[in-house]
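To keep things clear, I will list the structure first and then write my remarks on it.
In the working numbering, the protein residues as written are 22 to 155.
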């Protein structure tokens, strides 16, 4: 999904703030009448939470990944509780299209011994794949 129209983490953080605990995005600038400083960013559209930012409709779940990790995942973004309005960071995870979870280090804990091989070989955490042999 990363392409010429992709927004960078730096650009995103200039426009909105994101509370990972609540999943709420808030505008940091007056962009237009519907996007005023301090107002909640995003709305339900087609069953998904989206916002118009940098001239494009974007899913809030993907923006959360850009905001927190610095990249837009090439994988699907899933919701642990199944609620697509719950954009809290603890509720989001990457999921490969073939049905296997993406192997990543735990977010707020020390890496498990099973994921240490991945951290050593991929310190930037970019596009990990699942390998059950490790």
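Glycine included, each C-beta is placed from N, C-alpha and C at the ideal position.
Proximal residues to residue 56 (C-beta, below 6 Å), its chain only, five neighbours per side dropped: Hits under 6 Å: 48.
Beta-carbon proximity of residue 44 to residue 107, cut-off 8 Å: Taking 8 Å as the Cβ cut-off, residue 44 and residue 107 qualify as a contacting pair.
With 16 other Cβ atoms within 10 Å as the buried cut-off, status of residue 130: Since pLDDT at residue 130 reaches only 46, below the 50 mark, its modelled position is unreliable, and no value is offered.
Host alpha helix (DSSP H) of residue 84 (start-end): Secondary structure note for residue 84: its alpha helix (DSSP H) is the uninterrupted segment 81-90.
Cβ-based neighbour list, residue 78, same chain, cut-off 8 Å, excluding 5 preceding and 5 following: For residue 78, where only same-chain residues beyond five positions count, the Cβ hits under 8 Å are 66, 71, 72.
Own chain residues within Cβ distance below 8 Å of residue 80, not counting five before or after: Closer than 8 Å at the Cβ level, and outside the excluded window around residue 80, lie 69, 70, 71, 98.
Of the residues 60, 110, 92, the one placed nearest residue 27, counting alpha carbons only: Residue nearest to residue 27 within the set 60, 110, 92 is 92 (criterion: CA-CA distance).
Inter-residue Cα distance where the pair is residue 105 and residue 75: The alpha-carbon atoms of residue 105 and residue 75 are separated by roughly 22 Å.
Residue 61 classed as buried or exposed, judged by whether at least 16 other C-beta atoms fall within 10 angstroms: When all chains shown are included, residue 61 counts as exposed.
Straight-line gap, residue 114 to residue 88 (C-alpha atoms, nearest Å): Using only the alpha carbons, I get a separation of about 14 Å.
Residue 107 - DSSP class collapsed to helix/strand/coil: Correct three-state label for residue 107: coil.
Contact set for residue 42: own chain, Cβ-Cβ below 7 Å, skip 5 residues either direction: These residues qualify, in order along the chain: 109.
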